[in-house]
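The sequence shown runs 25 to 304 under the numbering used here. Okay, structure first, notes after.
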Amino acid sequence: MITQYLSRLRVLDRYVGDYDVVIVGAGPAGLFAALELAKAGGLKVALIDGGYRASQRRCPLQTPLEKCTFCVPCHIMYGIGGAGTLSSGLINLRPDVGGDLHELVGDWDKAMELINYIDKIFVEFGAPNNVYEPNMELVEKLSALAARVNARIVPIRQRHMGTDGSVKVVENMTQYLEGAGVAVMYATWAIEVEKGNNGVFTVKTSRGVLNARAVLLAPGRGGAEWLISQLKRLGASLDFGPIDLGVRVEVPYHVMRPLTDAVHDPKVILYTAKYDDKVR
């Protein structure tokens, strides 16, 4: 199916050229990297993604059809904004939720500074001003109960954009990048990355060849296997992080109300009795 998708792209515009930076993947990492480079100015930047613009992404599961039609590329996994664009658009404003940013930067305060900076950018591009604050009085009461079963309630501030809001914000970011001179190349599949003897990278795509002094690879979950293959070819070292596997359990509203009254979208951490695995 990917081959058929690539063959269809041959009729689209071709991309060739020399750039200072080529970013592969327009999810959160790639999108914000492009924003920072655009604000800095003075660099010729290309941002490519195998999927479509946020405003063009339509998943059949989210239509009256309510059925997966195996789109290529998948509108959930690929496209500008990344895999979370068509989700509920919830921004968790805490370093240890959704990752371990404080461990990566080595300091909790520095991590919070970065999170607040990113959150400010979301608001600048159209995210709602309202933030859900945790009810600390209720959190403290629930924490005492949770401790009895070796669990922990995470008090977290959250900004909720909603699916439509997420699409609007990402589209606003995309238009800003285009206005700032960034070449935004959607429906463009990165095939191979090579590094020449002169230190210049060559990015072969479904719509042409791009040359760059620097390449940032951020293909997301959908491009994980491709990323591994490219890094191995380039001789880069790899470090694998943990994988989150989710299980959805539907319960009546009144069952979860004590938690949702305390935190808008509650996060509970516990450790399993047998292997002491961390579960959220």
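For glycine and all other residues, C-beta sits at the position ideal for the given N, C-alpha and C.
- Sorting T229, G244, F225, S230 by C-alpha distance to the C-alpha of A236 places F225 at the top.
- Judged by DSSP in its simplified three-state form, L85 adopts helix.
- With 16 or more other CB atoms across the displayed protein chains lying within 10 angstroms of its CB, P243 is buried.
- Under a 10 Å Cβ-count criterion, Y102 is classified as buried, with 16 or more other Cβ atoms of the shown protein chains found around its own Cβ.
- Note on the stretch 236-272: whole alpha helix (DSSP H) runs with a minimum of 4 residues are 248-258, in chain order.
- When the five nearest sequence neighbours on each side are left out, the beta carbons in the same chain lying within less than 6 Å of the beta carbon of H288 are those of Y156, Q182, in order along the chain.
- Nearest to Q80 by C-alpha distance, out of K298, I72, I104, G259, is I104.
- CA-CA distance, E249 to K256, rounds to 11 Å.
- The beta-bridge partner set that DSSP reports for K291 consists of V178.
- The C-alpha of A286 is placed about 16 Å away from the C-alpha of H184.
- Across the structure, G189 and R304 are spaced so that their CA atoms are roughly 26 Å apart.
- DSSP lists A236 as the beta-bridge partner residues of Y43.
- Assigned with DSSP and collapsed to three states, M209 falls in strand.
- By the CB criterion at 8 Å, T229 and D73 fall outside the cutoff.
- Taking C-beta separations shorter than 7 Å and ignoring five residues to either side along the sequence, the partners of M197 in its chain run L55, L59, F149, following chain order.
- Shown here, F225 sits in a strand according to DSSP, grouped into three states.
- In this structure, the beta-carbon distance from V121 to V178 falls below 8 Å.
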